[in-house]
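Following: one structure in structure tokens, then a few remarks.
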């Protein structure tokens, strides 16, 4: 529901109480001779009746008590209460019905005006309170977002430090284990190479010794043959 404001954008001053429709009478209607002869009966007028709005409405505030005091209650324009004078005598029921109809129309007009005033006042107050609530919610959300960001940052820093420490410790332990395994593998390879080299050297030595023995034997035989030839030549 949208409530319209006045063309000037301002709300007229507050009326202390809602307008009342007052019906007054000074001369009661009496039975007359002409009325008796004609058979018509004139109804007596009520003794100064008063038609008004519910008194409780006048004591209620124009806005909800929860609205901020700084905003202030919205102003309601002043309405003049229509007054109907019953000082004249009304001879027929139709005249009384007409009077009641006019009074009802006046009350309806006043009610319509007052309802419009209340709608405009409540619309202004609700809009002001809505803006205020938007500001409050915006500030609260911004503060909560900052708090959450700070909390998440601290938690992430703590978790990052914990993970970094755990990874550093695990990496150091793994490096130590790898170093030990590498050292053992190096020692095993050294031993294997040493044994292989020693075996190869021994084989080479044996081969060389055999070759040397063959060379010695060949040289000895050649020398002996040469010596025999020389001896035979010298004879």
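In our numbering, the protein residues as written are 148 to 382.
Glycine included, every Cβ here is placed at the ideal spot set by N, Cα and C.
*Expressed to the nearest angstrom, what Euclidean distance is found between the alpha-carbon atoms of residue 274 and residue 264?*
15 Å
*How many angstroms separate the CA atom of residue 332 from the CA atom of residue 308?*
36 Å
*Note down the Cα distance separating residue 358 from residue 372, rounded to an integer number of angstroms.*
21 Å
*Which class does residue 382 belong to by DSSP, given the choice of helix, strand or coil?*
coil
*Within 10 angstroms of its Cβ, does residue 267 collect 16 or more other Cβ (buried), or is it exposed?*
buried
*With DSSP run on the structure shown, which of helix, strand or coil describes residue 300?*
helix
*In angstroms, rounded to a whole number, what distance separates the CA positions of residue 348 and residue 365?*
25 Å
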